[in-house]
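There are 4 protein chains.
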Amino acid sequence: MRRKDDLKQNSIKKAVVKVVLEEGMHGASISKIAKAAGVSPATVYIYYENKDVMLKAIYHEYAQEMFDTISAHLSNELTADIFIDVIVRQSYHYMVSHEDIHHFVEQYGSCPSLSQGCIAISGPDQLGDRINTYKEQGVLMNYDSSNIWAMLFLPVKGIIKKTCSSDITTDQRLDEMIRMIQRALIKE
Amino acid sequence: MRRKDDLKQNSIKKAVVKVVLEEGMHGASISKIAKAAGVSPATVYIYYENKDVMLKAIYHEYAQEMFDTISAHLSNELTADIFIDVIVRQSYHYMVSHEDIHHFVEQYGSCPSLSQGCIAISGPDQLGDRINTYKEQGVLMNYDSSNIWAMLFLPVKGIIKKTCSSDITTDQRLDEMIRMIQRALIKE
Amino acid sequence: MRRKDDLKQNSIKKAVVKVVLEEGMHGASISKIAKAAGVSPATVYIYYENKDVMLKAIYHEYAQEMFDTISAHLSNELTADIFIDVIVRQSYHYMVSHEDIHHFVEQYGSCPSLSQGCIAISGPDQLGDRINTYKEQGVLMNYDSSNIWAMLFLPVKGIIKKTCSSDITTDQRLDEMIRMIQRALIKE
Amino acid sequence: MRRKDDLKQNSIKKAVVKVVLEEGMHGASISKIAKAAGVSPATVYIYYENKDVMLKAIYHEYAQEMFDTISAHLSNELTADIFIDVIVRQSYHYMVSHEDIHHFVEQYGSCPSLSQGCIAISGPDQLGDRINTYKEQGVLMNYDSSNIWAMLFLPVKGIIKKTCSSDITTDQRLDEMIRMIQRALIKE
DNA sequence: GATGAATGAGAGTTCATTCAT
DNA sequence: TATGAATGAACTCTCATTCAT
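Chains as they are written, first to last, in our numbering: chain A, 336 to 523; chain B, 336 to 523; chain C, 336 to 523; chain D, 336 to 523.
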């Protein structure tokens, strides 16, 4: 018999991300995905039980990958300044260099079906520990961790969205945004 | 266009946000919307050319309403501190008290079909002017306006999303978030 | 607007019976039925909520019609002899002259999905009363009503099924079968 | 053809009647059958050319087995009374103790695809001979054999189907039914 | 203006069957 | 022999939209 092909499943994953980027979560039908992946629609159901399961699985995988990629640049030796810089800069970098994946994760996360409960990716705990350490050391403001989290990951999304007019380059905007967040979070 | 006496069009609008909240943008079909509005599917096409046009129009209307409601609490006499407080607090307040509208606007805005180009709602100019005034007065940091915009409107969304664990109430989180943003934006 | 068309619904009913006769309950797909009825598959769903509901409704209607047609020839003045004769003969007559309807009702009734609980057609009560009267009068054996029922309606089905060899005509078989059942049920 | 040591083919047969009982002839797909049998779908095609052939073969086998089991209790020494008793009682007994097989045979036999032409099971001839002997001996009414056949095998099915109300137990119904049939067939 | 009927197109999914190992 | 992967065809059903009244 033919063995289950990792390449095939991978091409399905990539097709999902691609089609969602091009047509929106709304327009990502199984047949379009299958066509983009170069397989039969029925083949998709060999690798995933149904569409919902497929999207959820791919979301989890890519959300994890996204988080891992970003936190790969972190280490315990970083100052809080650099810590913030790395997170925000790497978030931004991932978003622009993996536009499709970011778009898919964002789209899926903003749908009502999923995203219920915790993000369910492993890693945030360590990052939360790191934040707590900075708070105990007195270098980070003693804010609620969820708020810090929001400050670290949400404003940077504003740089991605194309606004009508901005006087400076996006790179400059990123640098500035990092300073803004540092200013918000770090004790003077 | 917006005739207050036109009960039918209004019930369609309300039906749209209701159905989108309950079933997601994905499941908001014309027939479901029509049923929720108490009209025939064909009637929808008397008020809107097609589904895309309908969603876009309703999005614009509610996005505008959202912005207007928030900025209605602003005046030129406010200090920058209060200015930030009002924007963030009212944003939050609108989100929780108009869950359906917020949800619809958020969902639609994160779709690829719309939102291309500027937000195309009137009012931001005045708000931008106000920000510039604060910057000229030296009370607000001289950040790029788009970045300030992102800082004013994005982090607060993190409070809405239910996170697994947070030690404090959402009201406390809101107060703290406002202080964080003030810290980021206001000159010491 | 177009009014719901009784002719259209009727042609769907006839198409169901026709397709089930030709292709079996198994092969009676919505698209085949729609084609036979001269409508679009989607149109079927205007008249019936879904396939199961459609089959059940049509079954009930035709089962009722079948029973009514048979019992239309009954009256209170009949002797038990004639009563049996009429039931068996009319059953047989209906089966051969409405082959498609009989076939559909038979097929559907032998499926596990339906036929749970009583037949749920109105009329058997009166027939049951009639049987009880005959029993009280002492002209009919005092058998359990369900057994009498089985004797009245089941053996005649054996005449319909084409057996390899039979020395006599089906009409002769019918007459004989009636005599057999009379012999079983009527007191000497 | 029927190798007793071939566990696989046997588990397929059992799976067929099991799945048909649980899901109906309609829902008995090759993949479900294969799963129930603990084999691969492809394996089914080693033992049977295709689905139709498989069903037909299994039908024939089980119909034969059913008939053989019933007639195993017959012998030439039986009086006509007992002969009828054995046939009806054993038919009933087989139906209730082999619910799945009876259900499958019944379902398949009532489909239009098969059952065309003679029943094609061996054995009826002997049974027919036995009936003829009884007729020649003058103990059995001189009815057409097909009619006798119908009387022996059809009414008992009415006991299986759960009717809404019956005043007596099924065992009592069976005894009574046997008496009814004897009354119909045996010369006084 | 307003309606419910009508539909072609397409959705997700399962099917019987074949293929390559 | 036996397998699980693979698929074209077909399934039930819903969609956005139009039509006739």
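Note that CB positions come from ideal geometry on N, CA and C, so glycine has one too.
Annotated as distal: HIS408 of chain D and VAL423 of chain D, with beta-carbon spacing of 7 Å or more. Check the Cα spacing between VAL355 of chain B and each of B:MET401, B:ASP506, B:HIS438 and B:LEU413: the tightest is with B:HIS438. Interface annotation for the region 348-373 of chain D against chain C: GLY359, MET360 and HIS361, criterion Cβ-Cβ distance under 7 Å.
Contact annotation for ASP479 of chain D against chain C: SER501, ASP502, ILE503, ARG508 and GLU511 [CB-CB distance below 7 Å, chain order]. Just so you know, the alpha carbons of TYR382 of chain B and LEU342 of chain B end up roughly 12 Å apart. Pairing ILE393 of chain A with VAL351 of chain A gives a Cβ-Cβ distance under 7 Å. For the set C:ASN482, C:LYS496 and C:GLN507, the Cα lying nearest the Cα of ILE503 of chain D is the one of C:ASN482.
LEU489 of chain C carries a coil assignment under DSSP once its states are collapsed to helix, strand and coil.
According to the DSSP assignment, GLY373 of chain A belongs to no alpha helix (DSSP H), since it is labelled neither H nor E. Residue range 459-472 is occupied by the alpha helix (DSSP H) that includes THR468 of chain D.
Per the DSSP secondary-structure output, LEU475 of chain C pairs in a beta bridge with C:ILE521. Taking the CA atoms as reference points, VAL491 of chain C sits about 14 Å from GLU434 of chain C.
Annotation: the region 373-408 of chain C contains the following complete segments of the alpha helix (DSSP H) (minimum length 4 residues), in chain order: 376-382 and 386-406.
The three-state secondary structure of ALA363 of chain D, taken from DSSP, is coil. Boundaries of the alpha helix (DSSP H) harbouring ASN345 of chain D: 342-358, taken from the DSSP string. Judged by their CB atoms, LEU509 of chain C and TYR427 of chain C are nearer to each other than the 7 Å cut-off. Among the CB atoms of chain B, one or more fall inside 7 Å of the CB of ARG518 of chain A. Closest in alpha carbon position to ILE521 of chain B, among B:MET512, B:THR505, B:ASN477 and B:GLN507, is B:ASN477. TYR469 of chain C places its beta carbon less than 7 Å from that of ALA415 of chain C. Taking a beta-carbon distance threshold of 7 Å, ASN482 of chain D counts as an interface residue toward chain C.
If you ignore the 5 residues before and after ILE494 of chain C, its C-beta comes within less than 7 Å of the C-beta of TYR427, THR505, ARG508, LEU509 and MET512, all in its own chain and listed in chain order. Neighbourhood of MET486 of chain B in chain A, by CB distance below 7 Å: PRO490 and MET515, in chain order. Residues of chain B with a Cβ closer than 9 Å to the Cβ of SER445 of chain A are, in chain order, GLU441, GLN442 and SER445. ALA519 of chain B places its beta carbon less than 7 Å from that of ARG518 of chain A.
Taking 7 Å as the cut-off, the Cβ atoms of ALA372 of chain B and ILE347 of chain B count as close. In chain order, SER481, ASN482, TRP484, ALA485, MET486, PHE488 and LEU489 make up the part of chain C whose C-beta sits under 9 Å from the C-beta of GLY493 of chain D. If you draw a straight line from the Cα of LYS339 of chain C to the Cα of SER366 of chain D, it comes to about 41 Å. When rounded, the separation of the alpha-carbon atoms in MET515 of chain B and VAL388 of chain C is 60 Å. In the three-state DSSP reduction, ILE422 of chain C falls in the helix class (H, G or I). Nearest in C-alpha terms to GLN461 of chain A, of all of A:GLU400, A:LYS349 and A:ASN411, is A:ASN411.
About 27 Å separates the beta carbons of GLN442 of chain A and SER480 of chain B, which is beyond the 8 Å limit, so they are not a contact pair. Boundaries of the alpha helix (DSSP H) around ILE436 of chain B: 434-444.
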